[in-house]
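Heads up: take any position in the sequence shown, counting from 1, add 807, and you land on our numbering.
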Amino acid sequence: MTGHKALSAGGRPLSTRIAASLPELVAHILSSLLAEVPLYGRLPAEELHGEVASIIEHNVRVFGDLLREQRLATVSELDRQRMSARRRAEEGVPLDAVLEAYLLGTSVLWQDITIDATAADFADLQAGQRLLLGYLRQLTAAVSAEYMEARQSLLHAEHDARRSLITALLAGGALDNPAQYAGLPLPDQYAVLVVSAAPHTDEADEAIAGPVAGRRKIRRIQSLFEQFTEEPVLSVLDANGGVVLIPSAPGDTLEWGKLRTLVQQATATAGADVIAAGVIANPAGVPDAVKQAGEILALVRRLGYDPGLYRLTDVLLEYQLSRPSPARAELARLLDPLRANPDLLRTLQAYLRNGLSRTRTATELFVHPNTVDYRLRRITQLTGLNPALPQDLQHLRAAMLAGF
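Right, dumping it as structure tokens:
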């Protein structure tokens, strides 16, 4: 723009004030950042008085040029701010702190250069503020876009690294190329969870809403697990569940109570029942741990256990009786007479699961308690084993488990 009147305050052009007091303005803005934006106070002194001070100076110079020429910034004048935003993103500085620094800096700058303005300067101050707001609009847009692009690149790289690491851990063997895992730490041990998630009610619509609802459900579960610890949590999950590896720091005693609470929260967060089995393993033992946890999960699901987290210690007898052995096949055959009548098998399973309570069994099966009594009598007639007798009850429990 040419032929314009200089924008002034107190009888002196605003751009001239900036040029004449540049070092003082930069120092004041920097001290204000340290005082009012806590995160900047934690940056290394070398970075503060080097790169940060330099970008402040550049920003002040650019605004001085905009005031003098009464125009908006060019793309090239915002290059350094964009690159600075990219570095802050790579350092993990939150975007709100970056934007707050720019807003605070321009506010301090404007106050300093208009400190002795009078009523006669009203029109110039209005024009200057329009330029200031226009510049802030350009600045925040450019900085935010660059920051978000950098964060997306970092997130993609981290996602790829996590996927590569969990793939290698699940495959077993040595992790031959640590560089491909982008510096992800390898803990002494993992809590290896095999997770099963029931369908959300919205997943019934297979045409459109179903797949979307399934993905959203899993994202909620995944996010909850990732918030459990500051260390990288690895997972391979789909709409039905999958595997989650939660690091345990060196010397740390993993608290299973907290993990149980976490899985309970997952049910609430997902809006669907979540059941999981967990095993502790070092990195090399992850494949075997996944296998065992999968067996535990299959067992508790078949037994109709409630949603939650289960360990081997929760199902020691049940797990052992379900292992291959010469006696297992014979035990399973004790229930052969019931195979033709699924209602009898379901009743026996529910009766055992409900602590031999005919009332609770009837409630679960939506039948009258007398129906439960009738079915139990039929079980005795067909198998020769009476659930009311302790010795027969042990055989029925063992046969039920062996049949899985």
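C-beta atoms are modelled at their ideal positions from N, C-alpha and C, and glycine is treated no differently.
Would you please state the rounded distance, in angstroms, between the beta carbons of S1042 and Q1029? I believe it to be under 8 Å.
As a working mapping, residue 1042 is identified with position 235 in the sequence shown. As a working mapping, residue 1029 is identified with position 222 in the sequence shown. Correct: roughly 6 Å between the Cβ atoms.
Counting only the same chain and skipping the five closest in sequence on each side, list residues whose C-beta sits under 7 Å from that of A986.
Taking the sequence shown and counting its residues from 1, the one referred to as residue 986 is at position 179. Residue placement at A986 cannot be trusted, given a pLDDT of 46 that sits under 50; what the coordinates show is reported in the next sentence. Excluding sequence neighbours, A986 sits near nothing in its chain.
If we ignore side chains and look at the alpha-carbon of each, how far apart do G817 and A930 end up?
For the purposes of this step, residue 817 is identified with residue 10 of the sequence shown, where counting begins at 1. For the purposes of this step, residue 930 is identified with residue 123 of the sequence shown, where counting begins at 1. Their Cα atoms are separated by approximately 13 Å.
Okay, do the stretch 847-854 and the stretch 817-832 touch, 3+ Cβ pairs below 8 Å being the bar?
no
With DSSP as the reference, label S1164 as helix, strand or coil.
What you label residue 1164 is simply residue 357 of the sequence shown in a count that begins at 1. Coil at S1164, not helix or strand.
Alpha carbon to alpha carbon, how far is L910 from D967?
Within the sequence shown, numbered from 1, the residue matching residue 910 stands at position 103. Within the sequence shown, numbered from 1, the residue matching residue 967 stands at position 160. Cα-Cα distance, rounded: 35 Å.
Please specify which runs of the alpha helix (DSSP H), each continuous and at least 4 residues long, are wholly inside the stretch 844-884, giving them in chain order.
845-848, 860-876
Have a look at the DSSP bridge pairing and note the partners of Y1117.
Here residue 1117 refers to the residue found at position 310 of the sequence shown. The partner list for Y1117 (beta bridge, DSSP) reads A1084.
In angstroms, rounded to a whole number, what distance separates the CA positions of R824 and L940?
Counted from its first residue, the sequence shown places residue 824 at position 17. Counted from its first residue, the sequence shown places residue 940 at position 133. Cα to Cα, R824 sits roughly 19 Å from L940.
Alpha carbon to alpha carbon, how far is L1066 from R1185?
Numbered from its first residue, the sequence shown carries residue 1066 at position 259. Numbered from its first residue, the sequence shown carries residue 1185 at position 378. If you take the alpha carbons of L1066 and R1185, they lie about 42 Å apart.
Taking the alpha-carbon of E843 as reference, which of S914, Q1156, T947, L1151 has the nearest alpha-carbon?
For this step, residue 843 is matched to residue 36 along the sequence shown. Selected option, being the one with the closest Cα: S914.
Check whether the Cβ atoms of V1002 and G1078 lie closer than 8 Å to each other.
For the purposes of this step, residue 1002 is taken as residue 195 along the sequence shown, with counting starting at 1. For the purposes of this step, residue 1078 is taken as residue 271 along the sequence shown, with counting starting at 1. Going by C-beta atoms, V1002 is not nearer than 8 Å to G1078.
R878 and I862: beta carbons closer than 8 Å?
Counted from its first residue, the sequence shown places residue 878 at position 71. Counted from its first residue, the sequence shown places residue 862 at position 55. No, Cβ-Cβ distance for R878 and I862 is not below 8 Å.
Where are the alpha helix (DSSP H) runs, 4 residues long or more, that stay fully inside the stretch 1012-1050, in chain order?
1016-1033
Assign M1207 to one of two classes, buried (16 or more other C-beta atoms within 10 Å of its C-beta) or exposed (fewer than that).
On the sequence shown, residue 1207 is found 400 positions in, with the first residue counted as 1. So M1207 ends up on the buried side.
With 8 Å set as the bound, which would you pick, yes or no: does the beta-carbon of L1145 sit closer than that to a beta-carbon of chain D?
Any reference to chain D falls outside this structure, which holds one protein chain only.
The beta strand (DSSP E) that contains Y997, what's its start and end?
Counting from 1 along the sequence shown, the entry for residue 997 is found at position 190. Taken as a continuous stretch (DSSP letters only), the beta strand (DSSP E) holding Y997 covers 996-1004.
Under DSSP, the alpha helix (DSSP H) around A1134 begins and ends at which residues?
Reading the sequence shown from its first residue, position 327 is the one you call residue 1134. A1134 -> alpha helix (DSSP H) spans 1133-1140.
Can you grab the Cα-Cα spacing for the pair A1105 / Y1117, in whole Å?
The sequence position of residue 1105 within the sequence shown is 298, counting from 1. The sequence position of residue 1117 within the sequence shown is 310, counting from 1. The straight-line gap from Cα to Cα measures roughly 11 Å.
Check whether the stretch 893-908 and the stretch 949-963 are in contact - that is, three or more C-beta pairs closer than 8 Å.
yes
In the structure shown, what three-state DSSP assignment does L1052 receive?
Mapped onto the sequence shown, residue 1052 falls at position 245. Reduced to three states, the DSSP call for L1052 is strand.
Please report the Cβ distance between A1088 and I1103, rounded to the nearest whole angstrom; I am assuming they are in contact, meaning their Cβ atoms lie under 8 Å.
Position 281 of the sequence shown holds residue 1088. Position 296 of the sequence shown holds residue 1103. Taking C-beta atoms under 8 Å as the contact rule, A1088 and I1103 fail to qualify, at a distance of about 13 Å.
Out of L1163, V1081, D1199, state which residue places its alpha-carbon closest to the alpha-carbon of P1006.
Sequence index remark: in the sequence shown, residue 1006 carries index 199 (1-based). For P1006, the nearest C-alpha among the options comes from V1081.
Run through the DSSP bridge pairs and tell me what R819 is partnered with.
Position 12 of the sequence shown, counting from 1, holds the residue named residue 819. In the DSSP assignment, the residues bridged to R819 are A816.
Is the CB-CB distance between R1160 and G1111 below 8 Å?
The residue you call residue 1160 lines up with position 353 of the sequence shown. The residue you call residue 1111 lines up with position 304 of the sequence shown. Contact flag set, yes.
Can you tell me the Cβ-Cβ gap for L993 and L938, rounded? I've got them flagged as a contact below 8 Å.
Along the sequence shown, read from residue 1 onward, the residue named residue 993 stands at position 186. Along the sequence shown, read from residue 1 onward, the residue named residue 938 stands at position 131. That pair is no contact at about 53 Å.
Considering Cα atoms alone, identify which of L855, S828, A827, A826 is closest to S839.
For the purposes of this step, residue 839 is taken as the residue at position 32 of the sequence shown. Comparing Cα-Cα distances from S839 to each of L855, S828, A827, A826, the minimum goes to L855.
Taking the alpha carbon of E1137 as the point to measure from, which residue in H1202, R1109, L1124, A1073 has its own alpha carbon closest?
As a working mapping, residue 1137 is identified with position 330 in the sequence shown. Of the candidates H1202, R1109, L1124, A1073, the one whose C-alpha sits nearest the C-alpha of E1137 is H1202.
For T921, does the three-state DSSP call read helix, strand or coil?
As a working mapping, residue 921 is identified with position 114 in the sequence shown. Correct three-state label for T921: coil.
Please report how far the alpha carbon of V1179 lies from the alpha carbon of L1142, in whole angstroms.
Position 372 of the sequence shown, counted from the first residue, corresponds to residue 1179. Position 335 of the sequence shown, counted from the first residue, corresponds to residue 1142. Rounded to whole angstroms, V1179 to L1142 spans 18 Å at the Cα level.
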